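Below is one structure; the comments refer to it alone.
In this note's numbering, the protein residues as written are 3 to 204.
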């Protein structure tokens with residue numbers, strides 16, 4: 003609604019809020035003793051120029067996947083974004099899961115259309131030793147344009163040693179939709195179909 007007059011109490015904690023539209027405007031308050039009412043003008047949503055976050059995991063990992071040394075393969079997600087949604091990708095947040103034998107290698111992220119057309123590639127980056135599981139933000143300096151659904155895939159490019167594992171969410175709100183994918187340079191396949199185990203999302 004447009005104000006807070008019907009909110010009597012707050013009885014919850016640890017709230018995660020992900021903005022999906024512009025902020026409200028003309029925010030004002032009135033106060034009478036212990037009562038504070040907020041009023042605002044609702045934001046214009048669905049307009050161009052807004053930042054969106056596409057989040058399909060619950061922030062934790064139940065499993066981890068990696069590619070063996072000497073192979074040129076990808077692991078990542080299908081992002082089932084509406085066909086009418088377009089823009090420029092600015093960054094990816096990636097959860098790495100510690101492998102005690104992991105070595106530092108030069109990763110990159112490739113973004114593909116749902117038809118498999120390469121839309122862009124991030125700069126290379128190194129993964130510090132996760133302790134024990136660590137999110138890292140990969141900024142895309144040359145923002146990658148997209149339109150509709152796309153794949154965001156971490157690239158294992160003929161690495162010389164074992165790596166840390168890419169965290170895999172098997173019990174989050176979208177795990178059952180099976181958005182975690184493997185790509186061998188020719189075919190995109192769900193990670194469950196090539197590796198067995200539970201469906202999930204990276």
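For glycine and all other residues, C-beta sits at the position ideal for the given N, C-alpha and C.
Just so we're clear, the structure is a prediction, and the values are computed from it rather than from any experiment.
| Query | Result |
| --- | --- |
| Count the other CB atoms, across all protein chains shown, that sit within 10 Å of the CB of residue 191; report buried if there are 16 or more and exposed otherwise. | exposed |
| Can you name, in chain order, every residue of its own chain whose Cβ lies under 6 angstroms from the Cβ of residue 1, other than the five neighbours on each side? | A question about residue 1 goes unanswered here, because the residues of the chain that appear run from 3 up to 204. |
| Are three or more beta carbon pairs between the segment 63-75 and the segment 28-38 nearer than 8 angstroms? | no |
| With distance defined between alpha-carbon atoms, name the residue in 103, 92 and 60 nearest to residue 139. | 92 |
| Could you have a look at residue 111 and say whether DSSP puts it in helix, strand or coil? | strand |
| Within the continuous beta strand (DSSP E) that includes residue 140, where are the two ends? | 135-149 |
| Taking the C-alpha atoms as reference points, what is the distance between residue 186 and residue 105? | 22 angstroms |
| Residue 187 lies in the beta strand (DSSP E); which residues open and close that run? | Per DSSP, residue 187 belongs to no beta strand (DSSP E) and is neither H nor E. |
| Tell me the DSSP bridge mates of residue 100? | Note: residue 100 sits in no beta bridge, so no partner. |
| Here's the rule I'm using: 16 or more other beta-carbon atoms within 10 Å means buried, otherwise exposed. How should residue 153 be labelled? | buried |
| What does the Cβ neighbour count give for residue 107, buried or exposed, with the cut at 16 atoms within 10 Å? | buried |
| Is residue 178 helix, strand or coil by DSSP? | helix |
| In the DSSP assignment, find the unbroken beta strand (DSSP E) run with residue 155 in it and report its ends. | 152-159 |
| My assumption, with CB atoms under 8 angstroms, is that residue 204 sits in contact with residue 169. Please give the rounded CB distance. | 7 angstroms |
| Residue 40 to residue 25, Cα distance in whole Å? | 14 angstroms |
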